[in-house]
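The structure appears right after this line, and notes come after that.
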Amino acid sequence: MAGAYVQVRDQVVRQLGVEVVPSNYPPSTSNVVLANLAQVTQLGFIGATIFANSIFPAIGMRVPEFFESMGQNKFGACTGAWFVGNTIQQNLLSTGAFEIYYGGEKIFSKLESGRMPRLNFLVEEIGARSAGRQGRLRSGKGANQQRQREQQRVVKEPVEDDDWEL
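Quick note on numbering: the sequence shown equals residues 1 to 166 in full-length UniProt numbering.
The structure is reproduced here in structure tokens:
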């Protein structure tokens, strides 16, 4: 995704002189909670693997056979838990979003379309909207209603064979 962002930013800045500000699209609350749970589980497993011989006898339990076998290769077990846990967290927090807004208006949404935008479309769409906004200020109640209508409007991107995709 970073490569696609860089391509879009470079073209938009070069052709239109428009400032491009990146931000992360927030994951769902349930995915954030699950990612936090995965992190706690990951760190708990690593801690139990390293300190199993101290923790379990201290609470009056026999060291479980699983942790005894993990104790044979603590480095491998902890490294595996680290990589698996981080992969799970990354997948839960990744949205796959590539959303482009101009002046509060959604220009393109990968989440809605399921694909990356065509660069020619973006340059034309942003150029048209920036030209339409020149010299025009919006404020007051009517402006808020207009902004809400614009945010709800979805722009349909024409698919042309001669355009190239990011």
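Heads up, the beta-carbon is just placed ideally off N, CA and C, and yes, glycines get one too.
Give me the Cα-Cα distance between residue i and residue j, rounded to the nearest whole angstrom.
i: V13; j: I100; result: 14 Å
i: A52; j: F67; result: 6 Å
i: L16; j: I107; result: 15 Å
i: G3; j: R118; result: 14 Å
i: A97; j: Q11; result: 20 Å
i: R62; j: V32; result: 35 Å
i: C78; j: S54; result: 17 Å
i: P64; j: L34; result: 26 Å
i: F56; j: Y5; result: 50 Å
i: R115; j: G44; result: 39 Å
i: M70; j: Q42; result: 14 Å
i: V8; j: S30; result: 31 Å
i: S130; j: S23; result: 21 Å
i: L137; j: F121; result: Since pLDDT at L137 reaches only 32, below the 50 mark, its modelled position is unreliable, and no value is offered.
Please name the residue in the options whose C-alpha comes closest to that of residue i.
i: F104; options: V8, V20, Q15; result: Sequence inspection shows Gly at residue 104; the Phe mentioned does not correspond to that position. Ranking the options by Cα distance to G104, first place goes to V20.
i: E125; options: V18, V6, M70; result: V18
i: L92; options: I50, N36, V6, P22; result: N36
i: L111; options: F56, Y25, K74; result: Y25
i: A48; options: L122, T29, K74; result: K74
i: G85; options: T29, V8, V40; result: V40
State yes or no: is the C-beta of residue i within less than 7 Å of the C-beta of residue j?
i: Q90; j: A38; result: no
i: T87; j: P27; result: no
i: I50; j: A81; result: no
Is the shortest distance between the beta-carbon of residue i and the beta-carbons of chain D less than 7 Å?
i: G104; result: Absent here is chain D; the protein component of the structure consists of one chain.
Report the partner residues of residue i according to the DSSP bridge assignment.
i: Y101; result: K106
Taking 6 Å as the cut-off, is the C-beta of residue i nearer than that to any heavy atom in the ligand ATP?
i: Q90; result: Of ligands this structure carries none, so the ligand ATP is not represented either.
Minimum length 3: unbroken beta strand (DSSP E) runs contained in the stretch 30 to 84: none
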